[in-house]
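In this text, residue positions in the sequence shown follow the numbering used here: the first is 178, and each later residue adds one. Backbone N, C-alpha and C define an ideal beta-carbon position, used for all residues, glycine too. Accompanying notes for the structure given below.
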Amino acid sequence: MLALPVITVAALQGHTFAAGAMFSLAHDFRVMRADRGYWCLPEADINIPFTPGMAALIQSRLTPPTAHVAMVTARRYGGSDAAAAGIIDHAVTEEAVRSTAIEIAQAQVNKAGDTLGTIKARMYAPALATLRDTTNPLG
């Protein structure tokens with residue numbers, strides 16, 4: 178998903194935890210309800226360390242301070258807080274989640290193709306290499 182040669186938009190209509198939160202980060206844009214639901218990386222609370230690939234993905238998509246807080250404290254971010262932290266791009270009403278996501282994707286549809294795929298692959302090369310590394314036992 179991270180290097181897919183199209184613009185991708187995650188529409189987060191409720192709680193987005195753990196693997197769901199990481200999957201949302203693999204998208205180019207994220208739209209979340211402002212009024213309900215949390216985005217959270219709960220691994221610190223449930224005693225599951227991040228694999229090198231997980232850490233690389235998170236750190237490639239979030240600012241260092243936001244990644245640090247999200248990863249080590251398992252903070253639950255509501256929509257408005259997630260937008261302020263740069264985790265999501267838009268915090269909207271429940272009714273607007275889907276339509277906003279579609280609007281963002283439609284506005285970028287002409288960028289799909291090999292050039293976009295190359296841009297994304299180069300931009301996220303270190304994270305993609307770590308995610309693909311099958312020799313790491315912590316993988």
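What does the alpha-carbon distance come out to for the pair V286 and F194? 28 Å
Beta bridge counterpart(s) of H267 as assigned by DSSP: V208
Among A188, A180, G294, which has the Cα closest to the Cα of V274? A188
Range covered by the alpha helix (DSSP H) that runs through L234: 229-238
Below 8 Å on the Cβ atoms is my contact criterion, and I expect G256 with G214 to pass it. Report the Cβ-Cβ distance as a whole number of Å. 7 Å
Beta-carbon separation of I281 and D266 under 9 Å? yes
According to DSSP, Y254 sits in a beta bridge with which residue or residues? W216
Among all the DSSP beta bridges, which residues are the ones paired with A188? V208
Should G290 be labelled buried (16 or more other beta-carbon atoms within 10 Å of its own) or exposed? exposed
Check whether the Cβ of H245 sits closer than 8 Å to any heavy atom of the ligand NAD, and report yes or no. As for the ligand NAD, it is missing from this structure, which has no ligand bound.
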